[in-house]
Structure formats: C-alpha cells, structure tokens
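Visitor: Numbering (the working numbering), first residue to last: 105 to 417.
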Amino acid sequence: MRIGQNPAKSIDSVPQPARVTVAIVTYIPFLSGYYAQSLDVLKACLESIWGNTDPPYDLLVFDNASCPETRAFLTGAHQQNRIQYLVLSDKNVGKGGAWNFIFQAVPGEFIAYADSDIRFYPGWLSSSLAILDAYPRAGMVTACPMRTPEAFYTTTLEWARQESGATLENGKYIPWEVYLQHVLSLGTSEEQAREWYKSRSDWRLTFNGIQALIGAAHFQFTVRKTIIQEFVPFSMNRPMGQVRSLDEQINQAGYLRLTTCEPLVTHMGNRVPEGTSPRSAASPGRSRSLFDLPFIRKPLLRLYDAIFRLYHQ
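(1) Between residue 171 and residue 247, what straight-line distance do the alpha-carbon atoms span, to the nearest angstrom?
(2) Consider the C-beta atom of residue 371 and the heavy atoms of the ligand SAM; say whether any pair is separated by less than 7 Å.
(3) Please report the Cβ distance between residue 166 and residue 206, rounded to the nearest whole angstrom; I am assuming they are in contact, meaning their Cβ atoms lie under 8 Å.
(4) May I ask you to report which of helix, strand or coil DSSP gives residue 290?
(5) Using the DSSP secondary-structure output, state which residues sit across from residue 273 in a beta bridge.
(6) Hey, how far is the Cα of residue 344 from the Cα of residue 352?
(7) How far does the alpha helix (DSSP H) with residue 181 in it extend, from its first residue to its last?
(8) Out of 197, 168 and 154, state which residue places its alpha-carbon closest to the alpha-carbon of residue 184.
(9) Check this for me: beta carbons of residue 175 and residue 192, under 8 Å apart or not?
(10) Rounding to the nearest angstrom, what Cα-Cα distance links residue 292 and residue 124 in this structure?
(11) Would you tell me roughly how many angstroms separate the C-alpha atoms of residue 332 and residue 108, rounded to the nearest one?
(12) Does the stretch 231-248 come close enough to the stretch 314-334 to have 3 or more Cβ pairs within less than 8 Å?
(13) Please state whether the Cβ-Cβ distance between residue 161 and residue 209 is less than 8 Å.
(14) If we define contact as Cβ-Cβ less than 8 Å, is residue 368 a contact residue for chain D?
(15) I believe residue 223 touches residue 148 by the beta-carbon criterion, under 8 Å. Please report the beta-carbon distance rounded to the nearest angstrom.
(16) For residue 140, which of helix, strand or coil comes out of DSSP?
(17) Rank 220, 132 and 260 by C-alpha distance to the C-alpha of residue 354 and give the top, closest one.
(18) Mind checking which residues open and close the alpha helix (DSSP H) that includes residue 205?
(19) Would you report the Cα separation of residue 298 and residue 131, rounded to the nearest angstrom?
(20) Assuming contact is defined by CB atoms lying nearer than 8 Å, are residue 197 and residue 168 in contact in what I supplied?
(21) Would residue 242 and residue 360 be called neighbours here (beta carbons separated by less than 8 Å)?
(22) For the beta strand (DSSP E) containing residue 216, name the first residue and the last one.
(23) For residue 237, does the count of other Cβ atoms within 10 angstroms reach 16, so buried, or fall short, so exposed?
(24) Could you work out which residue in 226, 364, 307 and 173 is closest to residue 257 when comparing CA atoms only?
(25) Within this structure, are the beta carbons of residue 364 and residue 249 separated by less than 8 Å?
(26) For the alpha helix (DSSP H) containing residue 242, list its first residue and its last residue.
(27) Quickly, what does DSSP pair residue 128 with across the bridge? List them, please.
(28) Between which two residues does the alpha helix (DSSP H) harbouring residue 316 extend?
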C-alpha cells in the first residue's frame, strides 16, 4: 500500500542535457610502476576540460575498475557536481566495452570522447564543432593535427577530389614541433620521427570557409551521436589494441575523418606534463638517462609487461 503521493509528481520540469557530452574512459589499477603518475595525469586531463571547454557540456567519466584512490577522487568530483555522470565498473570491460556503454547511453547530440591522458586547450571543442557543422558527412574530428595511414581516410580524399566547393592542398602543414610532440608521447624516438616527418606530407581542406586537415584518431575525437551509434556494439576481446577498427569503420561507411589545423589537445602519456604548452606537455621534465636508451628501455618494458600480465590476468 502506498501512503501519500510521491513528491516528485509536483515537479513541473527537469534539467535538459547539454548539446555535447564530453566522455572520458580511465583505467588505473594501481599507483606504481607504469601507473605511478596516472592519477595525476587524470587530474590534469579533467582540470583542462573544466578550465578550457567553452560551449556548454556535460561530463561523463567511465572508470574501468581502477584502484580505490582513483575512485575516491572521481567520487569526490562527482559529489562536487564537476562530473555529471560517473560510471564505476566493477571489472575492466576494455575500451570496447566502455565505448559500447558510452556511445549508447550519453544524452548529448554530440559526443566528445577522449582517453584519460589527454590535455585540452582553449577552443578545442568549439573548433571541433565548427568542422562538424561545416563539412557534410563529417565523422570523427580530432582536435590536433596528425598524420594517419591513408587507408583510414580514402573516403575523405575521394570526397575532397569530387566536391567542387572544396579546396584540397598537399604539403607540410603540420609544424615540426607539433608533429614531434605527438610522436614522442607515443614512445617514438626523435630520430625516427624526423625521418617520418621528412618523407610524408599533409592534406589540407577548405570548405564553407572552414579549414581542416585530413586525419583523425580514436584517442580523442568529437562525433555526432547518431553516426557513432551506427557502429555499436563493438566486438573487442582485449582491453586495448583493437580500437583502430573504429577508424576503419568510419572510413568504410563513407564518413570524413578530419582534424583541426591547430594543436588544441595533446597526448600526455603516463607522465604529468610541465607547463601548459603542447611542447612541454610531452616532456616529463627529466634529463635523458641510461634507461632511455632503446636497447635498455625496450627489454625493461617487456619485462614489466610480463609481470603485469602475470598478476592481473
């Protein structure tokens, strides 16, 4: 038997979701070894969102079974209304599982996705939305210029060559410093980066008065919810390593993959950046040591990976 009336019936309206949902996935199983600074990296990521996102947005964080310290921080931020939607998974469902949840659950018209080691700069979201609004069939828009394999943007090139209103140019439009920052954050040597930079070029598009570079990346992108939902559910049986299937599917479905012309996000990796510039964000601020030498660093990383799998599989 019910006694009285539910007070909620007297509420005439409820808050409506923002047009954009910014979605972050994080996984920090412990705070040592590879993950020693990961919580601080996550904090830097979220602080940069809170401080540098201009259009209205809601923030969703999907935690993939992180350690108690990480969950305590996220819960506190949620209680302070700095995170609008917080999902705490009791097991690591991998990035594919997190994507399946996020891309079907977010309330916004647009989804601005990022890994938890991305740092955002002023204008990143408004610039991404401007490209999505200007280009027909725009799929993924990453807020940082980068070079990706041509196999992932054949549709974009074909559209640019056939569209009479589009201007397509080929040249070196990504500054060396911007290119170096990104590839160093992925563990590539500066020597290898310099060789790649010299041997490759960039594609630049202009359409409806908006410039963009051809590219995009799965670690950070903005997309219409109606488009990304065409590709769920994702079938990935590993926590990481299969996410490039999204790049392939976006291209094969006939959508454009684009980036901003300016570096408005940077990849921090697993170390806290110094300062706020894209270049310094890639440098952990320590001098090169014996452990940075490739023939020493790579075997140590393989050993660490083997120990991690032994304890966590």
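Note that beta-carbon positions come from the ideal geometry of N, C-alpha and C, so glycine has one too.
Guide: In short:
(1) 30 Å
(2) Among the components modelled here there is no ligand, and therefore nothing to report on the ligand SAM.
(3) 6 Å
(4) Reduced to three states, the DSSP call for residue 290 is coil.
(5) 308
(6) Any reading at residue 344 needs caution, since the residue's pLDDT is 48, under 50, leaving its predicted position unreliable; the model's value is listed next. Whole-angstrom Cα-Cα distance: 16 Å.
(7) 172-183
(8) 154
(9) yes
(10) 33 Å
(11) 44 Å
(12) yes
(13) no
(14) Of the chains in the structure shown, none is chain D; there is only one protein chain.
(15) Rounded to the nearest angstrom, the Cβ distance from residue 223 to residue 148 is 6 Å, consistent with a contact under 8 Å.
(16) coil
(17) Minimum Cα-Cα distance from residue 354 among the listed residues 220, 132 and 260 corresponds to 260.
(18) 198-209
(19) 32 Å
(20) yes
(21) yes
(22) 214-219
(23) exposed
(24) 307
(25) yes
(26) Taken as a continuous stretch (DSSP letters only), residue 242 belongs to no alpha helix (DSSP H), being part of the beta strand (DSSP E) at 242-246.
(27) Under DSSP, residue 128 takes part in a beta bridge, and its partners are 165 and 218.
(28) Counting along the chain, residue 316 falls outside any alpha helix (DSSP H), though it belongs to the beta strand (DSSP E) covering 314-318.
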